[in-house]
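Same order as they appear, the protein sequences are chains F and P.
Sequential numbering from 3 applies to the first sequence in our numbering.
Sequential numbering from 3 applies to the second sequence in our numbering.
Every residue gets a Cβ at the ideal spot worked out from N, C-alpha and C, and that includes glycine.
These numbers come from a predicted model, not from an experiment.
Shown next, in structure tokens, is the structure this report addresses.
There are 2 protein chains.
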Amino acid sequence: MDVKTLCLGALSLGDATGYDIKKLFEDAFSHFFVAGYGSIYPALEKLTEQGMVLYQRQQQEKRPDKKVYSLTSFGREALVHELINTPPREKSRSEFLVLMFFAHLLPSQRLAEVLNEFLEENKKHLQMLEELSKCADQSAGIKFTIAYGLAATRAAIECIEQNREALLRDAYTTQPVADAYQPVSVATLAKNSKNE
Amino acid sequence: MDVKTLCLGALSLGDATGYDIKKLFEDAFSHFFVAGYGSIYPALEKLTEQGMVLYQRQQQEKRPDKKVYSLTSFGREALVHELINTPPREKSRSEFLVLMFFAHLLPSQRLAEVLNEFLEENKKHLQMLEELSKCADQSAGIKFTIAYGLAATRAAIECIEQNREALLRDAYTTQPVADAYQPVSVATLAKNSKNE
DNA sequence: TCGCTCATGTAACGTGTTACATGATTAA
DNA sequence: TTAATCATGTAACACGTTACATGAGCGA
Chain F
3 MDVKTLCLGA LSLGDATGYD IKKLFEDAFS HFFVAGYGSI YPALEKLTEQ GMVLYQRQQQ
63 EKRPDKKVYS LTSFGREALV HELINTPPRE KSRSEFLVLM FFAHLLPSQR LAEVLNEFLE
123 ENKKHLQMLE ELSKCADQSA GIKFTIAYGL AATRAAIECI EQNREALLRD AYTTQPVADA
183 YQPVSVATLA KNSKNE
Chain P
3 MDVKTLCLGA LSLGDATGYD IKKLFEDAFS HFFVAGYGSI YPALEKLTEQ GMVLYQRQQQ
63 EKRPDKKVYS LTSFGREALV HELINTPPRE KSRSEFLVLM FFAHLLPSQR LAEVLNEFLE
123 ENKKHLQMLE ELSKCADQSA GIKFTIAYGL AATRAAIECI EQNREALLRD AYTTQPVADA
183 YQPVSVATLA KNSKNE
């Protein structure tokens, strides 16, 4: 599943410009799909070529021109087809957790910064989701994604607040690289060798 | 942050082969970073060129040859430098949540399948994390990543179990595409227009 | 005057995914 | 005999990121 599909999905909610769709990615889609202009505009172009969407150019006073896109029936079919045939995966890439995994290699000051920064971001995100959950006249599916995002974000915040002290206690305070660290064998952390 | 950095990180735990590192990605790294052989082996090759790792070829009886990689001191410095300069981001791409967002476009049978499949996967993942958390002689950082993974996975499972019924109630049961769906305006879901 | 909102796009680059290729050993 | 484990790799392709480019209006 790619940005094109999400654009079709966005347009299934109503006509919109690329700019509008970008906002959707920043809000309603934000906790499960990331995309910027650099992928949205080319996606809309391709969808147009393929006949899945079409647009009307709208001139505006005191504003740049708009291209208001709408879904064609072919596009809607393609969207449904894609959705039905997409297996429910989830993958995340968390630089934050990488930093935590290797926290013993970070100066404690930096570690503290990282924790604060990440907590703040999560709290902001939580607020946004709470806002979203207020305009509650959406489908059960949309409500679910918000509930899911709220649950995940709250769990993250709680987990950080509960473990922050322990993490900082363990961090090193001297300037140079911590070479005193006792290496853990790779095998210890690769459970696959035995079970699963 | 890319696969190369994670490979350096893996080797900071002890010497390993590409194959070993892959297992680490499947276990200890699994909830925050995804990589397959197709990115791990080329990464190790590049790191070798750059003098960040080196390897010893080991012949084995009844097994293919191994390349056992180890971190150089330059590699360790590069790792630390990279970690210190990486902002704590987190981004996920969840096909599952996309499907939920557009659940009203799915036949209810498929929706039920999707929910079950995703729940099962999460339960397996939970088990794996519980296993990992048992070999508990790791650093505070590593323990934290496991605790975080556990919290997130448990929250996900709970959220699905609590909302499954409501989701299925809302799904359509007729064969053809649900065109009766009341469109929600894109603007309603793009809170950015007003706040944040 | 500073920065934000609206509005669209391109081009180069980096990165990762997928599928393919090989092949012996071992446990069920 | 089937599937899994061990073990390494390549090549084509798809995809997305980043930075750049433009420019008016509006509110503080």
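A Cβ-Cβ distance of about 6 Å is found for the pair Leu108(F) and Ile86(P), placing them in contact under the 8 Å criterion. For Lys93(F), a Cβ of chain P is located within less than 8 Å of the residue's own Cβ. Around the beta carbon of Lys145(P), 16 or more other beta carbons lie within 10 angstroms, which makes this residue buried.
With a beta-carbon spacing of about 10 Å, Leu81(F) and Val55(F) fall beyond the 8 Å limit used to define contacts. When Cβ pairs closer than 8 Å are counted between the two stretches, the segment 122 to 136 of chain P is seen not to touch the segment 114 to 132 of chain F, the count staying below three. Restricting attention to Asp172(P), Ala153(P), Gly143(P), Ala173(P), the CA atom closest to the CA of Arg166(F) is found in Gly143(P).
By the criterion of at least three beta-carbon pairs nearer than 8 Å, the segment 57 to 71 of chain P is not in contact with the segment 52 to 69 of chain F. With respect to chain P, the C-beta atom of Tyr150(F) has a partner C-beta closer than 8 Å. If you draw a straight line from the Cα of Ala154(P) to the Cα of Ala154(F), it is about 6 Å long. In terms of Cα proximity to Ser110(P), the closest of Phe120(P), Tyr150(P), Ala173(P) is Ala173(P). Going by DSSP, Ser96(P) is part of the beta strand (DSSP E) stretching over 92 to 96.
Not a single CB atom of chain F sits nearer than 8 Å to the CB of Thr50(P). Around the C-beta of Pro90(F), 16 or more other C-beta atoms lie within 10 Å, and the residue is accordingly described as buried. Counted as a single uninterrupted DSSP element, the beta strand (DSSP E) harbouring Lys69(F) occupies residues 68 to 73. Restricting attention to alpha helix (DSSP H) runs no shorter than 4 residues, the segment 96 to 132 of chain P encloses them at 97 to 103, ordered along the chain.
Comparing alpha-carbon positions, the option among Gly20(F), Gly11(F), Thr190(F), Thr147(F) lying closest to Phe76(F) turns out to be Gly11(F). Between Arg95(F) and Lys93(P) a beta carbon distance of about 6 Å is seen, short of the 8 Å cut, so the two are scored as contacting. By the Cβ-count criterion, Lys64(P) is exposed, with fewer than 16 other Cβ atoms from all chains shown falling within 10 Å of its own Cβ. Counting C-beta atoms within 10 angstroms of its own C-beta, Gln164(P) has fewer than 16 neighbours from the protein chains shown and is therefore classed as exposed. Using a Cβ-Cβ cut-off of 8 Å, Ala114(P) does not count as an interface residue toward chain F, since no Cβ of chain F sits closer than that to its own.
Residues of chain P with a Cβ closer than 8 Å to the Cβ of Val36(F) are, in chain order, Lys93, Arg95. Residues of the segment 113 to 147 of chain F with a C-beta atom less than 7 Å from some C-beta of chain P are Val116, Glu119, Phe120, Met130, Glu133, Leu134, Cys137, Gln140, Ser141, Ala142, Gly143, Ile144, Phe146, Thr147, listed in chain order. Interface flag for Phe104(F) against chain P is set, since a Cβ pair is found closer than 8 Å.
C-alpha of Ala192(F) to C-alpha of Ser141(F): approximately 41 Å in a straight line. When the five nearest sequence neighbours on each side are left out, the beta carbons in the same chain lying within less than 7 Å of the beta carbon of Leu46(F) are those of Cys9, Gly20, Val55, Tyr71, in order along the chain. Around the CB of Gly151(P), 16 or more other CB atoms lie within 10 Å, so the residue is classed as buried. If you draw a straight line from the Cα of Phe35(P) to the Cα of Glu97(F), it comes to about 8 Å. With its beta carbon at least 8 Å from every one in chain F, Cys9(P) lies outside the interface. Non-local beta-carbon contacts of Ala114(P) in its own chain, meaning distances under 7 Å to residues more than five positions away in sequence, involve Leu170 in chain order. Among the residues facing chain P, Gly16(F) is included, as its CB has a counterpart in that chain under 8 Å away. Residue-level contact check: Ile42(P) does not touch chain F, since none of the beta carbons of chain F fall below 8 Å from its beta carbon. With respect to the C-alpha of Val100(F), the residue from Asn118(P), Phe27(P), Gly16(P), Thr190(P) having the closest C-alpha is Phe27(P). Under DSSP, Leu56(P) takes part in a beta bridge, and its partners are Ser72(P). At a beta-carbon threshold of 8 Å, the residues of chain F lying near Ala158(P) are Tyr150, Ala153, Ala154, ordered along the chain. Interface annotation, Val70(F): not in contact with chain P, CB-CB separation never under 8 Å. Rounded to whole angstroms, Val188(F) and Ile159(F) show a C-alpha spacing of 29 Å.
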